[in-house]
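Here the structure comes first, spelled out in structure tokens, and everything after it is commentary.
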Amino acid sequence: MMPGDGRPGPGPGRFARWAVALSPRRKWALFGSWFALDAVLALAPPVYWAAGDPRLQGGFPFSVGYFIVLGAHISAGVIALYGVEAARGEID
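Taking the numbering used here, I'd label the letters of the sequence shown as residues 109 to 200.
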């Protein structure tokens, strides 16, 4: 497949160019920080205590919303790392 031939696939998009230009050290620092933040937010008891407020936010318990948002953030990190590694050709 040639870039720009109209077929879907990893073309020379901005994300692909950025991912290929990303050094391995910087990739580890970026995604390591992302997943370290996820681990702290998911495992830190004070955050759980703060999220355990039984009050409702728009009819929805805050703690449930917290875990949905945290799950979305973790999922976004995994998807972004997959996209970077696919653009770099590092997927086995």
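Think of the CB as a built atom: it goes at the ideal place given N, C-alpha and C, for glycine as much as any other residue.
Have a look at residue i and residue j and give me their C-alpha separation to the nearest angstrom.
{"i": "residue 146", "j": "residue 176", "result": "13 Å"}
{"i": "residue 121", "j": "residue 144", "result": "28 Å"}
{"i": "residue 110", "j": "residue 133", "result": "With a pLDDT of 48 at residue 110, under the threshold of 50, the modelled position of that residue is not reliable, and the figure given next carries that caveat. Straight-line Cα distance between these residues: approximately 30 Å."}
{"i": "residue 123", "j": "residue 192", "result": "8 Å"}
{"i": "residue 127", "j": "residue 200", "result": "17 Å"}
{"i": "residue 137", "j": "residue 188", "result": "14 Å"}
{"i": "residue 151", "j": "residue 171", "result": "14 Å"}
{"i": "residue 198", "j": "residue 179", "result": "25 Å"}
{"i": "residue 194", "j": "residue 135", "result": "13 Å"}
Among the candidates the options, whose CA atom is the shortest distance from the CA of residue i?
{"i": "residue 184", "options": "127, 167, 139", "result": "139"}
{"i": "residue 148", "options": "169, 195, 189, 181", "result": "181"}
{"i": "residue 141", "options": "173, 186, 129", "result": "186"}
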